[in-house]
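*Asks:*
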Amino acid sequence: MFDFITDEHRMIQDAAREFAQKEIAPIAAHFDETGEFPLDTVRKMGALGFMGIEVPEAYGGAGMDTLSYVLALEEICKVCASHGVIMSVNNSLFAHGLVKYGTEEQKQQYLAPVASGQKIGAYSLTEPMSGSDAGTMRTRAVRSADGAHYILNGRKSWVTSAPYADTIVVFMMTEPEKKHKGVTAFIIETDQPGFARGKKEPKLGIRASATSEILFEDFRCPVENRLGAEGEGFKIAMTVLDAGRIGIASQALGIAEACLEASIAYARERVAFGQPIGQFQMIQQKLADMKCRVEASRLLIYQAALAKMASATTGQRYTLEASMAKLFASDTANYCATEAVQIHGGMGYSQELPLERYFRDAKITQIYEGTSEIQRMVIARNLTGL
Ligand code: CAA
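See the structure below:
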């Protein structure tokens, strides 16, 4: 039906499905329960090319396109959304920014280890007092007297993968009086003096992914590690988030599909009042609505992926397509998770089945990489031009 999906796309989708079923499915519940970071499977995902799908082969990536990325990510997230977000941040928020804005030297140095999963990449925009209103950050980067470094100070929060990240793209104010136009992006290495990690966040869902604050105290970032021009940081942050939001939409789709598949199976096998519950109209309505929303999410994600692929030649932004996909797919994940738990009744609420994990994991997709409220704002602004 979708003739833009080629045999090559199906190959990476099949490889991701097989890997997820074989390597992640048996451990997902354990890592969710303990909150341990699944470093071994992340490294294996790297070896298979999943950690740098769109990174050109010259920089150690798989050299594939955005459709390959969303198809593979959906399969991973169908089994474990924690592995999915680690993969998504590495691919979209870290690697995509470097591919698009990095110098040749930066790409040579930082892309290959992260694209191959030997090192982990992260992205840090949010601060304790600057979340949705990302242009109001308080962290400061000041050029050193000799001009060779920026001195970074301040606290960033909610950084996915930060407890294990080796390299992070960080956004800080270089000229606060210029507001958005005073933000600059930096590539920082986490083994350097002046960098520290705050406490790991205890979270409702995606518990096997690690999230923490990061702290900078007179951190010396070499000028050659500035990503893009001084003052270009906000645009870089937003452009990279457009790509990231397509990844989170795929994560949400994976969760929604897992909920739907489990619900169909349960509706066929569970008997009540002398018949399979799938014969009751109230269950049928839930299944039908879940299916429509899942397929509509998929179409929005494919549209966004194609728009991103086209933008490589046209230079056109795909902000609208990415926000629509993220908004609808994340609402769908939450709808499907709620209904799946309901269909399963007490078993849906039990840790014996993965439904309650899907339910907890689904929530974050409406919050990170721009809340649903922010996505609606972005979509409406795009429509009205106001
Ligand atoms: N692409 C390129 N440029 C963009 C852009 C985009 N998608 N969106 C905005 N810009 C540009 C605008 O064109 C404008 O440029 P000019 O000054 O040259 O005109 C500039 O950026 C400022 O734009 P706005 O006036 O629209 O800015 P705003 O203050 O009103 O905010 C916003 C816009 C969309 C609300 C933005 O602040 C936003 O997306 N907020 C949410 C932040 C977010 O998603 N945070 C999540 C962080 S990552 C995370 O969740 C953790 C993790 O590790 C996964």
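First residue of the sequence shown? That's 2 in our numbering, and the numbers climb one at a time after it.
All C-beta atoms in this analysis are idealised placements derived from N, C-alpha and C, irrespective of residue type, glycine included.
Would you call the region 177-196 and the region 243-263 in contact, with 3 or more CB pairs under 8 Å?
*Replies:* no
*Asks:* Let me check one thing: in DSSP terms, what residues is Cys293 bridge-paired to?
*Replies:* Here residue 293 corresponds to residue number 292 of the sequence shown, with the count starting at 1. Per DSSP, none; premise fails for Cys293.
*Asks:* Taking DSSP as the reference, what is the three-state secondary structure of Tyr151?
*Replies:* Along the sequence shown, one-based indexing puts residue 151 at 150. Residue state, collapsed to three classes: strand.
*Asks:* If you pair each beta-carbon of the region 59-66 with each one of the region 224-236, do three or more pairs fall below 8 Å?
*Replies:* no
*Asks:* Between Phe196, Thr333 and Gln109, which has its C-alpha nearest Glu296's C-alpha?
*Replies:* Taking the first residue of the sequence shown as 1, we reach residue 296 at position 295. Checked all of Phe196, Thr333 and Gln109; the closest Cα to Glu296 is Thr333.
*Asks:* In this structure, does DSSP put Asp33 in helix, strand or coil?
*Replies:* On the sequence shown, position 32 is the one that residue 33 refers to. In this structure, Asp33 counts as helix in the three-state DSSP scheme.
*Asks:* Could you pull out every residue in the same chain whose Cβ sits closer than 8 Å to the Cβ of Ile265, ignoring the five residues on either side in sequence?
*Replies:* Position 264 of the sequence shown, counted from the start, is the residue given in the question as residue 265. Cβ neighbours of Ile265 beyond the five flanking positions: Gly279 and Leu288.
*Asks:* So, do the region 131-140 and the region 203-210 have three or more beta carbon pairs nearer to each other than 8 Å?
*Replies:* no
*Asks:* Whose CA, out of His31, Leu74, Thr385 and Asp66, lies closest to the CA of Asp15?
*Replies:* By one-based count along the sequence shown, residue 15 stands at place 14. Here the closest residue by C-alpha is Leu74.
*Asks:* Confirm the yes/no value for this check: CB of Thr168, any heavy atom of the ligand CAA, distance under 8 Å.
*Replies:* Counting from 1 along the sequence shown, the entry for residue 168 is found at position 167. No, since every heavy atom of the ligand CAA falls outside the 8 Å radius drawn around the Cβ of Thr168.
*Asks:* Specify the secondary structure class of Gln317 as computed by DSSP and reduced to three states.
*Replies:* Stepping through the sequence shown from its first residue, residue 317 is reached at position 316. It is coil, neither helix nor strand.
*Asks:* Hey, is Phe32 close to the ligand CAA, as in C-beta under 8 Å from one of its heavy atoms?
*Replies:* Along the sequence shown, read from residue 1 onward, the residue named residue 32 stands at position 31. Incorrect: Phe32 has no Cβ contact closer than 8 Å to the ligand CAA.
*Asks:* One question on the structure: do Ser251 and Ala363 come within less than 9 Å of each other, judged by their Cβ atoms?
*Replies:* For the purposes of this step, residue 251 is taken as residue 250 along the sequence shown, with counting starting at 1. For the purposes of this step, residue 363 is taken as residue 362 along the sequence shown, with counting starting at 1. Going by C-beta atoms, Ser251 is not nearer than 9 Å to Ala363.
*Asks:* Could you tell me whether the Cβ of Gly245 comes closer than 9 Å to any Cβ of chain B?
*Replies:* Among the chains of the structure shown, chain B does not appear; only one protein chain is present.
*Asks:* Considering only DSSP beta bridges, list what Lys201 is partnered with.
*Replies:* Taking the sequence shown and counting its residues from 1, the one referred to as residue 201 is at position 200. According to DSSP, Lys201 bridges with Ser213.
*Asks:* From Met2 to Thr67, what distance separates their C-alpha atoms?
*Replies:* Taking the first residue of the sequence shown as 1, we reach residue 2 at position 1. Taking the first residue of the sequence shown as 1, we reach residue 67 at position 66. Cα-Cα distance, rounded: 19 Å.
*Asks:* Is the beta carbon of Arg227 less than 9 Å from the beta carbon of Ser145?
*Replies:* Here residue 227 refers to the residue found at position 226 of the sequence shown. Here residue 145 refers to the residue found at position 144 of the sequence shown. No; because the gap between Cβ atoms is not below 9 Å, this pair is not in contact.
*Asks:* Mind checking whether the beta-carbon of Tyr102 lies closer than 8 Å to any heavy atom of the ligand CAA?
*Replies:* The residue labelled residue 102 in the question sits at position 101 within the sequence shown. Taken from the Cβ of Tyr102, every heavy atom of the ligand CAA lies 8 Å or farther away.
*Asks:* Going by DSSP in three states, Phe220 sits in which element: helix, strand or coil?
*Replies:* Here the question's residue 220 lines up with position 219 in the sequence shown. Phe220: strand per DSSP, three-state reduction.
*Asks:* Just the C-alpha distance for Val100 and Leu94, rounded to the nearest angstrom, thanks.
*Replies:* By one-based count along the sequence shown, residue 100 stands at place 99. By one-based count along the sequence shown, residue 94 stands at place 93. Approximately 11 Å between the Cα atoms of the pair.
*Asks:* Hey, quick one: how far does the beta strand (DSSP E) through Thr168 stretch, first residue to last?
*Replies:* Taking the sequence shown and counting its residues from 1, one reaches residue 168 at position 167. Thr168 to Met174 is the span of the beta strand (DSSP E), which, as asked, contains Thr168.
*Asks:* Given a threshold of 16 other Cβ atoms within 10 Å of its Cβ, counted over all protein chains shown, does Leu40 qualify as buried or as exposed?
*Replies:* For the purposes of this step, residue 40 is identified with residue 39 of the sequence shown, where counting begins at 1. Exposed: under 16 other Cβ atoms inside 10 Å.
*Asks:* So if DSSP puts Pro129 in a beta bridge, which residue, or which two residues, is it bridged to?
*Replies:* What you label residue 129 is simply residue 128 of the sequence shown in a count that begins at 1. BP columns for Pro129 are empty, so no partner.
*Asks:* So does the region 102-111 actually touch the region 39-53, counting three or more Cβ pairs closer than 8 Å?
*Replies:* no
*Asks:* Please report how far the alpha carbon of Ile6 lies from the alpha carbon of Lys23, in whole angstroms.
*Replies:* Here the question's residue 6 lines up with position 5 in the sequence shown. Here the question's residue 23 lines up with position 22 in the sequence shown. Ile6 and Lys23: Cα-Cα distance of roughly 24 Å.
*Asks:* With a cut-off of 8 Å, do at least 3 Cβ pairs link the region 116-123 to the region 155-174?
*Replies:* yes
*Asks:* Taking one C-beta from the region 208-222 and one from the region 28-36 each time, how about it: are there three or more such pairs within less than 8 Å?
*Replies:* They touch, by the three-pair rule.
*Asks:* Can you say whether Asp4 is buried or exposed, counting buried as having 16 or more other CB atoms within 10 angstroms of its CB?
*Replies:* Numbered from 1 along the sequence shown, position 3 holds the residue referred to as residue 4. That one is exposed.
*Asks:* Using the Cα positions of Phe217 and Gly347, report the straight-line distance between them to the nearest angstrom.
*Replies:* For the purposes of this step, residue 217 is taken as the residue at position 216 of the sequence shown. For the purposes of this step, residue 347 is taken as the residue at position 346 of the sequence shown. So the two alpha carbons sit approximately 47 Å from each other.
*Asks:* Between the C-alpha atoms of Val170 and Ala273, what's the straight-line distance to the nearest angstrom?
*Replies:* Translated into positions along the sequence shown, residue 170 becomes position 169. Translated into positions along the sequence shown, residue 273 becomes position 272. Rounded to the nearest angstrom, the two C-alpha atoms are 54 Å apart.
*Asks:* Can you give me the Cβ contacts of Gly64 inside the same chain, cut-off strictly under 6 Å, excluding the 5 residues immediately before and after it?
*Replies:* What you label residue 64 is simply residue 63 of the sequence shown in a count that begins at 1. Contacts found: Pro57 and Glu58.
*Asks:* In the DSSP assignment, find the unbroken alpha helix (DSSP H) run with Val86 in it and report its ends.
*Replies:* In the sequence shown, the residue the question calls residue 86 occupies position 85. Where Val86 is concerned, the enclosing alpha helix (DSSP H) stretches over Ala82 to Ser89.
*Asks:* Using a Cβ-Cβ cutoff of less than 6 Å, which residues in the same chain neighbour Cys260 once the five nearest sequence positions on both sides are dropped?
*Replies:* Taking the sequence shown and counting its residues from 1, one reaches residue 260 at position 259. Cβ neighbours of Cys260 beyond the five flanking positions: Cys337, Ala338, Ala341 and Tyr359.
*Asks:* Would you say Met138 and Asn91 are within 9 Å of each other, going by their C-beta atoms?
*Replies:* The residue you call residue 138 lines up with position 137 of the sequence shown. The residue you call residue 91 lines up with position 90 of the sequence shown. Between Met138 and Asn91, the gap from beta carbon to beta carbon reaches 9 Å or more.
*Asks:* Mind checking whether Ser324 and Asp243 have CB atoms under 9 Å apart?
*Replies:* Residue mapping note: residue 324 aligns to position 323 of the sequence shown, counting from 1. Residue mapping note: residue 243 aligns to position 242 of the sequence shown, counting from 1. Yes, these two residues count as a Cβ contact at 9 Å.
*Asks:* Roughly how many angstroms separate the alpha carbons of Val184 and Arg361, rounded to a whole number?
*Replies:* Here the question's residue 184 lines up with position 183 in the sequence shown. Here the question's residue 361 lines up with position 360 in the sequence shown. If I take the Cα positions, the gap works out to 34 Å.
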